[in-house]
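J.:
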Amino acid sequence: MDGFQSCVKPIFDSFNGDSRELFDDWVNSSRKCDFIDEYSSLNIRGLTNNDEIKWLIYPKCQEENTHVTLGVGHDIRAEMKLKKHQPNTKFYAVDPMIDINYELITNDLNGSFFAFALANETKLQYFPVLDKKNHYGKQAVATLDVGYFFEKLLKLRRIDTLFLDIESGEEYFFDYFAKGGKFDEIGMSICQFNIEFHPGYTKNYNLVYKFLEQTIKDKRNFVAKRSH
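Using the UniProt record's numbering, the first residue of the sequence shown is number 1, and each one after it goes up by one.
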């Protein structure tokens, strides 16, 4: 953690509050931090999907692991690789579109699928969603409060790996990861998470800036890998 802080904080500070510049250039500017000494023993793996890479550190414990995917998008190649390496993993997935996603999660992963979206409150909201013809379009989606879903419905207290890819909905989760945030309030531990920010969907660059700033300040999570 000290190596991450000493490498990444000066780079972050160099953006001087320019959230758009940070959004566009953060990966390239901070790439050297991928090679700090502390990371050499972590065995960070890249699990490829159709058009992206999910980065994680394989859990070493022999007890049952819990994985959650928020935003399936007709693609579970990364989850299948995780299942092959960690067969003791229980899978949960959330996506408002049932077509294709339900079969992938329940049949291929033998997991549990939930057909709605998660956000900071329960209501109807508009999100970009992927239809069965692989076209994105905004639709009215029923959202459920994140904390309620994990605490009351799934009754989880720990998530070993979390993939968060919900096409602009990521910003609803920023405060949850912070010290004293919603996950702390409900006693939820997130061991590691993979989060994606999308040009074209992400509009509030300042929220992304503040999320990274808070992550560095809290000194609880560290960015193990970053990529386009």
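Idealized CB from N, CA, C, for every residue including glycine.
1) How would you write the range of the alpha helix (DSSP H) that residue 122 sits in, first residue to last?
2) Suppose contacts are defined by Cβ-Cβ distances below 7 angstroms. Is residue 109 in contact with residue 94 by that definition?
3) Where does residue 225 sit, in a helix, a strand or coil, going by DSSP?
4) Under 7 angstroms between the Cβ atoms of residue 161 and residue 145?
5) Excluding five sequence neighbours on each side, which residues of the same chain lie with their C-beta closer than 7 angstroms to the C-beta of residue 153?
6) Measuring alpha carbon to alpha carbon, tell me which of 141, 197 and 190 ends up nearest residue 157.
7) With a Cβ-Cβ cutoff of 7 angstroms, do residue 47 and residue 192 count as a contact?
8) Per DSSP, what kind of secondary structure is residue 113 in: helix, strand or coil?
9) Going by DSSP in three states, residue 229 sits in which element: helix, strand or coil?
10) Please give the ranges of any alpha helix (DSSP H) in the stretch 24-96, keeping only runs that are unbroken, at least 4 residues long and fully inside the region.
11) Quick one: measure Cβ to Cβ for residue 11 and residue 29, integer angstroms, because I've assumed they're closer than 8 angstroms.
12) Residue 190 by DSSP, collapsed to three states: which one?
13) Assuming residue 127 and residue 139 are in contact, meaning their beta carbons sit under 8 angstroms apart, how far apart are those beta carbons, in whole angstroms?
14) Quick one: grab the DSSP three-state call for residue 133.
15) Considering only the alpha carbon of each residue, which of 70, 188 and 207 lies closest to residue 151?
16) Check the C-beta distance from residue 54 over to residue 163 and give it rounded, since I have them as a contact under 8 angstroms.
17) So, residue 104 versus residue 76, is the Cβ gap smaller than 7 angstroms?
18) So residue 102 packs on residue 116, CB below 8 angstroms; how close in whole Å?
19) With 16 as the cutoff for other CB atoms within 10 Å, does residue 78 come out buried or exposed?
T.: If we stick to the structure as given:
1) Per DSSP, residue 122 is not a residue of any alpha helix (DSSP H), being assigned neither H nor E.
2) For residue 109 and residue 94, no; Cβs fall outside 7 angstroms.
3) In the structure shown, the three-state DSSP call for residue 225 is coil.
4) No, these two residues do not count as a Cβ contact at 7 angstroms.
5) Within its own chain, no residue has a Cβ closer than 7 angstroms to the Cβ of residue 153 once the five positions on either side in sequence are excluded.
6) When only C-alpha atoms are compared, the closest one is 190.
7) It is not a contact, given that the beta carbons lie outside the stated cut-off.
8) Of the three classes helix, strand and coil, the one that applies to residue 113 here is strand, per DSSP.
9) The requested residue 229 does not occur in the structure, where the chain is confined to residues 1 to 228.
10) Entirely contained in the stretch 24-96, the alpha helix (DSSP H) runs reaching 4 residues are, in chain order, 77-85.
11) The pair is a contact, with the Cβ atoms about 5 angstroms apart (cut-off 8 angstroms).
12) For residue 190, the three-state secondary structure derived from DSSP is strand.
13) Contact check for residue 127 and residue 139: beta-carbon distance about 7 angstroms, within the 8 angstroms limit, so the pair qualifies.
14) The answer is coil: DSSP assigns residue 133 none of H, G, I, E or B.
15) Among 70, 188 and 207, the Cα nearest to that of residue 151 is on 188.
16) That pair is a contact at about 6 angstroms.
17) Note that the C-beta distance between residue 104 and residue 76 is below 7 angstroms.
18) The pair is not a contact, with the Cβ atoms about 12 angstroms apart (cut-off 8 angstroms).
19) Looking at its Cβ environment, which holds 16 or more other Cβ atoms inside 10 Å, residue 78 is buried.
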